[in-house]
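If you count by the numbering used here, then the sequence shown holds residues 14 to 191, one letter each, in order.
Below: one structure, written as structure tokens.
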Amino acid sequence: MKNTLLVLAMLVFSFTIAQETPKEVKVETEIKTVKVKTEEGTTEKKLKVITKETSDITLDDDDINKVNQNRLKSDIIVEKTVMIDNDADSKYDVLSKQTFYKLGDSGYRFSPNKKGFDIDFSSENAKFKQVGNAWNTSSNQYYIVNESMYSGIGHFDANGNFVIEYYNKDLDVVEIKT
């Protein structure tokens, strides 16, 4: 009976693991140490920057029966967290956390602020320019979005993508932008 339950549990878990979409994740951690001399002595402050780059792995459907398949270019999500250790404890304090979405040659940056976050846009290696804001709503899952092109309601889907639903006056429909 134990063996039967064990085999059944292994089968159930193997199917759930197999359904996960493959992702490529790169994590870089950079730590800089700064020593400051004061009248009381020398103090040491550490700055830690963690950059996490995530992208889905998708293969070309034309190569489905080949051993070496071509990989399709996918969107990249970059999370950059800047932390500092400037006090007596051994823990780092988070200074800022920004999320970048690279879509081809252009990109979006989400920078948290006290009321929600700012939305910045960059195209073809240009500097980021603020194009909108998102404010928290009372239900912490949704944001009121005000952008230069459209305004609506935004939320993060299960894949971590920011989805905006807005009313298109010309077509008289609610459209969804990811």
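We put the CB at the ideal spot given by N, CA and C, even for glycine.
If you run the structure through DSSP and keep just helix, strand and coil, what is residue i?
i    : result
D193 : Look at the range of the chain in this structure, 14 to 191, and you will see that residue 193 is not part of it.
D74  : helix
Y105 : coil
P35  : coil
Hey, out of the options, whose CA is closest to residue i's CA?
i    : options             : result
V187 : T94, I90 and G167   : G167
E43  : E37, V49 and K65    : K65
G120 : V144, N99 and Y105  : V144
D88  : I77, S68 and Q82    : S68
I70  : N153, K79 and K86   : K86
Y182 : S103, M162 and G173 : At residue 182 the sequence reads Lys, which differs from the Tyr that was named. Per the Cα distances, M162.
Measure the C-alpha to C-alpha separation of residue i and residue j and round it to an integer number of angstroms.
i    : j    : result
T46  : Q111 : 22 Å
D170 : K115 : 17 Å
For the ligand GDP, is there any heavy atom lying closer than 7 Å to the beta carbon of residue i?
i   : result
I89 : Ligands displayed in this structure: none; no statement on the ligand GDP is therefore possible.
Need the endpoints of the beta strand (DSSP E) that residue i sits in, please.
i    : result
Q154 : Element bounds for Q154: n/a, residue is neither H nor E.
Go ahead and label residue i buried or exposed: buried means 16 or more other beta carbons lie within 10 angstroms of its beta carbon, across all protein chains shown.
i    : result
G165 : buried
A139 : exposed
V40  : exposed
R84  : exposed
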